[in-house]
Amino acid sequence: MKLVIREYLASLRERGELDVVLPDLLTELGFTVYSRPARGTRQYGVDVAAVGIGRDGVRRIHLFSVKSGNLDRTEWNTASPQSLRPSLDEILDHYIASRIPPEYAGLPIAICLTFGGDVDEQVRAEVTGYMNRNTTDRISFEEWNGDRLADVITEGLFREDLLPPPLRSHLRKSVAMVEDPEIAIGHFAKLLRALANAPGETSAARLSQARLINICLWIMFVWGREADNVEAPYRASERGLLEVWHLLNKDVARGGKAADAAGLVINELVELHFTIWDELFRHKILPHVKVRHAISSAVGSHVSLDVNLKLFDLLGRLALRGLWLVWQLSPSSGPVVLSEDYLQSLPKLLLGINNSMIEQIDQICEQLMHMVSNNRALLSPIGDWQAIDIGLAFTLLACRRRTHSAVKQWARELAKRSIFAFDANGRYPVTSTSYWDLIEHPTEQSEEYRKNSTEGSVLYPMLALWAAALRDREVFDEIADFKARSLPHCTFQTWLPDEDSEQGLYLGRDNHGAALTDIPVTPGTWDTFEFALKEIAANQHYTELSAVRLGHWPIVLTACRVHRLPVPLQIWRDLLPLVRELASPVDAEDEHC
Amino acid sequence: MADRDDILQHHAAGTLLPLIVERLRRRRADEMGKAFSATLARLHNEQAIDVLAPAAAIEASTISQHEFFGVMLAYCDLIPELDAEVPAMLAAVKALVARAGNDGAAGQPNGAYRSWAERGNRAQETLAAVDPNSPEDAAYVFVALQALAVREPHVALNQAIGYLGGSAAPARSAAAKAIGSMALANAEAQLLAVQALADASGSADDNTLGHILVSCCEIARRHSGMEAAAVDVLRAAGSRAEDNAIHQVSLELMSHAEQLSPAIVAELTKIAVRVTVANRGTLDNLDMASSSFIDSGRLGEALTLIEPLISTHDDLTSLEALNSFAHALIRLDPPRLANVIIRWLRSRDANLGRATLSLIAEHHGGPLVLDVDARPLDLSDAEVVLLARRTIGFLFVHPITAASLVLGLIRDASPAAISEMSEILFDPLLINFSGELADWLKERSTNSSDSTQPIVSELLARLETYIQGLRSAGRINELRPSERERMIERHRQQESSRQLHKEIEKKSVFMSLVSRSVLLYGNRSISYFEGPDGTKRRDEMKLHTISHSVEAPRLDILEPFDLDYTLRAFRVMRLPE
């Protein structure tokens, strides 16, 4: 296990990685971390500062200056401000003089040279000489290399009461199999399940469990990154986040220090997920979304089903990331159209940040639209359940006025192609999620097969709902006619949380939620829209979910994406009426003409 | 002397047929065989034996069917040489024909009978002996009339006309058929014959009508002066033709495609295209006829005969039932073949479009390159673009053929049409087949005298940009299907290949001829087989690999719906009203 951890530590990067993990490790060792890494603020060479008892039993201030990998000549001392020696000089010259909190002013100080690997022999003499020269009665130097950090992890977070041997085995296997994501995620899920089944009795114990999940995810991520495949860590990070939310949401609700600590860990998990998202999307996917077929082709399969499944999965992931950004600007109740008027209503102090956020949201929307137009398999869902990913993407695009027309156009294409595929007995959307079924689909041209494959649908009513919101009469009526003509046997439905969902939603248990059935789609009306709004008003279970109550609605969407549940109608409570209002009847008529 | 004794001995023992089998097996045509047959005939004519009696009783004989055909052929040689009364000869010949059943050679004894009946008064005696109302005897009315016509053509014609005007349907049918086969010496006889056929056509049953139509054709074929009269009969009576008559017509077309005049062929075609396609025999004849037309340079008549059939019968679009026609077309020189394909694609007939695809599939070897000269077609911009779309829509899986046709069309098009056609040459054609088609275009782009060279070069440049785009993303590990999914796909692929292999084996002529051995080890087989002399011989065979690869269209994996939708749209496109 220690080898796994050492390898992980050696592969960590300084910025946003080793320095981010370190506070959790110190906390588990009993240290009080009073300064965490923050970007953009001057740290005077200190990445993490904590007070705790050292190996010699003396209570000290520990000032950590963190570098990644091995400490070689470049890392030790060059003109770069990122080199360690200039940082140490800064600590000695400035930090100790002016930045030590008054309550710790009398404590001895240990300056900790922290790096994931080892000291390169070429610079060993220089490092030792520097430490000896600058050691005083008050100031000492410590070397926190990969080996020591690995000890910190095994003796702290991975201590046997927190991570017993069977769970270590799952972690080891998930890391070893990181290039086969199905297997890796299977082992990681077992680890998560074991923790979920035995939540800590105290908030501190639960926090320890959450930190353990965090560090396990980090280990898995770093290994995955080294193997050039972060699929398993990506999926594990979503599950881990949901798991930790389930574990800590009551602590968050309770308020106080425990709530702050819980919030911190949840935030770390969200950030880790975003880091993994960046690794996959920013580095591998998004640079190619503007190139025709580049992403489809990158699946590297000769089976069209594989391309279809992967593209819709990516779509959901991309949209969800955009919605996390939307969340930061929206009211806590849910997403809204981020119009100029709305943005003006936000505090002026945050104008710069908000503008940058909007820029990022617009960029993701644009990338999403490029992905759809350059990978047209995204116009032809093969599974009815791909409505989940489409629903997430619609939600994101609906948050910006400029992309409403894209939703309209895309919904049109989705409806037209799905109906055509059904009529032509082609690869129309089916309810089955089995790869066996999907790869053979359509196995038969018989009417019975078609009926069995389309007994229920969340896709068509969702398309009808958005067509109604966008006042697209042609598409709405087309779906209505299709329902009457070809799908009288099909139950138009959607999923809504119920009173049991709080216990089951985040962990992916299947004994919760309700299906809202018989969603009407009648030609010449907008009855789907009216029906949906009525149910949204009547059904309060959604607002009772902890993630919604505590203003973290993207967690619900993450759960829906991960555990394959349709986007609940209530998420659109504010959005849909706004979208409809913006799609003025006059515009709609004009477009219709 | 030995033959004579053997024959007498076996005749007495009632084993004459096995003796014939033994003596004439593989020897029928050599000196020994001929001598044996001559001895048989002589002994019969000397009344030492009755060689016809075993033939008349052959239905009950224990000789195998394979042996029977040897015996039957021996009798066909013997019959013209035998002295016999009509009833005895008829009984023997009928028995031989009956035992032969539906075999193609079953009519051969009747041929021998006709030769026999040409002598003496046998033809008239035959006509007197047979029952004109018996369908079984109709064949003997026919052969007797033919035999009679050899020596007394006028008498034969008059007697045939008599039957034709009579009420016995089997005899009418036989007479109608016989008239067509008679040598009509002068215009008077020819006119008389055609008039009689015309008169009888009104009340003829379908079988007789068929013979009437065919006899008219035969008379016209031999006597060009009778063509107009024959055409009149075909035109007047053809519309009443049903399955039997259409079958007769198909036989006539098949047998004499090259000799029938265009006017006669035109009328026969009108009748033939009403064929019921379930009647595979009739369809086969028409298939052969069309092939003969094409081979004799009468392409237009072949197309007029077959196109309506394809057009109205979906299951003929595969051209499986019209393979002779397809083979003959594919043997045409490229410009003429291109014209046929363009004609079918322009027809806006979906079945002909599908048949185009089947036709190209008949071409083996390298890709079929067709250069079309669109100038004589005088197409508008809209028409030429539509034709290009239909070409790609139907011939998509033969990208080089499709591209060669479109590049032919592009040559004389306007800039606007060129732009549209270049676009569809790129997508969906080149984008899907960036291997074989691109290689072909690269080769073509080196030809500076080709007026389409700039277009081809631009297409290749666009393709390079597209491929670069794909390469830039490469394979993304995170998007790889899981091992489980790959395993399922492999299993499905194996199962599908296994089923396909089984189907192919079932249909394979080769596999039905050879025995099958599965080798578990090595790449060389050593076996022993028994030669004709009974000795074992060692056979050693080195095994070789046979492989074949086909380029799958890229979008069938990346955007299957779009590809399918686009091609469907291309196939059904129409010009705006």
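Here the protein sequences come in this chain order: A and B.
First residue of the first sequence: 547, per this note's numbering; consecutive thereafter.
First residue of the second sequence: 41, per this note's numbering; consecutive thereafter.
Glycine residues also receive a C-beta, built at the ideal position from the N, C-alpha and C atoms.
Because the structure is a prediction, the values reported are computed rather than measured.
Cβ neighbour criterion (16 or more within 10 Å) applied to residue i
i       : result
A:F858  : buried
A:S1003 : buried
A:D1136 : Because A:D1136 carries a pLDDT of 42, less than 50, the predicted location of this residue cannot be relied on, and no value is offered for it.
A:R619  : exposed
B:Y180  : buried
A:G1070 : exposed
A:K1080 : exposed
A:E854  : Looking at the sequence provided, one finds Asn at residue 854 of chain A rather than Glu. Classification for A:N854: buried.
B:P375  : exposed
B:E523  : exposed
B:Y561  : exposed
B:V590  : exposed
A:I1101 : buried
A:Q1086 : exposed
B:S279  : exposed
A:T660  : buried
B:Q288  : buried
A:G972  : buried
DSSP state of residue i mapped onto helix, strand, coil
i       : result
A:E689  : strand
A:E1137 : Residue confidence for A:E1137 is low, a pLDDT of 44 falling below 50, so the modelled location carries little weight; the figure read from the coordinates is stated next. Note: A:E1137 maps to helix in three-state DSSP.
B:S454  : coil
B:A200  : helix
B:D579  : strand
A:H1058 : coil
A:G929  : strand
A:Y676  : helix
A:L659  : strand
A:L884  : coil
A:F577  : coil
B:Y561  : coil
B:H50   : helix
A:L715  : Reading the sequence as shown, one finds Ser at residue 715 of chain A and not Leu. In the structure shown, A:S715 sits in a helix (DSSP, three-state: H, G or I).
A:Y590  : coil
Nearest to residue i (by Cα), restricted to the options the options
i       : options                         : result
B:D411  : B:N379, B:G393, B:H584, B:N85   : B:N379
A:I899  : A:I1117, A:V882, A:L875, A:M917 : A:L875
A:R1119 : A:S878, A:L861, A:Q909          : A:S878
B:Q164  : B:A270, B:A69, B:E192, B:L323   : B:E192
B:F365  : B:A342, B:R556, B:D117, B:L122  : B:A342
A:A1093 : A:A740, A:P712, A:S720, A:L787  : A:L787
B:M129  : B:T102, B:L92, B:I597           : B:L92
B:D389  : B:G405, B:N363, B:L427, B:C256  : B:L427
B:P494  : B:P600, B:A223, B:L447          : B:L447
Where the alpha helix (DSSP H) through residue i begins and ends
i       : result
B:I286  : 283 to 296
A:V594  : From DSSP, A:V594 is part of no alpha helix (DSSP H) but of the beta strand (DSSP E) over 594 to 599.
A:K856  : 850 to 875
A:Y974  : No alpha helix (DSSP H) holds A:Y974; DSSP gives it neither H nor E.
B:Y153  : 148 to 157
B:R386  : 374 to 386
B:E86   : Run containing B:E86: none; DSSP gives neither H nor E here.
B:P504  : Reading off the sequence, residue 504 of chain B comes out as Glu, not Pro. Here the alpha helix (DSSP H) through B:E504 covers 493 to 513.
A:G652  : Note, A:G652: premise wrong, no alpha helix (DSSP H); not H, not E.
A:W1072 : Where A:W1072 is concerned, there is no enclosing alpha helix (DSSP H), given that its DSSP letter is neither H nor E.
Run of the beta strand (DSSP E) containing residue i, from where it starts to where it stops
i       : result
A:L617  : From DSSP, A:L617 is part of no beta strand (DSSP E); its letter is neither H nor E.
A:L1042 : 1040 to 1042
Residue i Cβ short of 6 Å to the ligand HEM heavy atom set
i      : result
A:P881 : Looking for the ligand HEM in the displayed structure turns up nothing, as the structure carries no ligands at all.
| said: Just to confirm the assignment: which complete alpha helix (DSSP H) runs, minimum length 4, are found wholly within the stretch 797 to 826 of chain A? | reply: 802 to 823
| query | Along the chain, which unbroken stretches of the alpha helix (DSSP H) at least 4 residues long are found entirely within the stretch 218 to 258 of chain B? | reply | 227 to 241
| request: With 9 Å as the limit, tell me which residues of the stretch 950 to 983 of chain A have their beta carbon closer than that to any beta carbon of chain C; keep them in chain order. | output: Of the protein chains in the structure, A and B, none is chain C.
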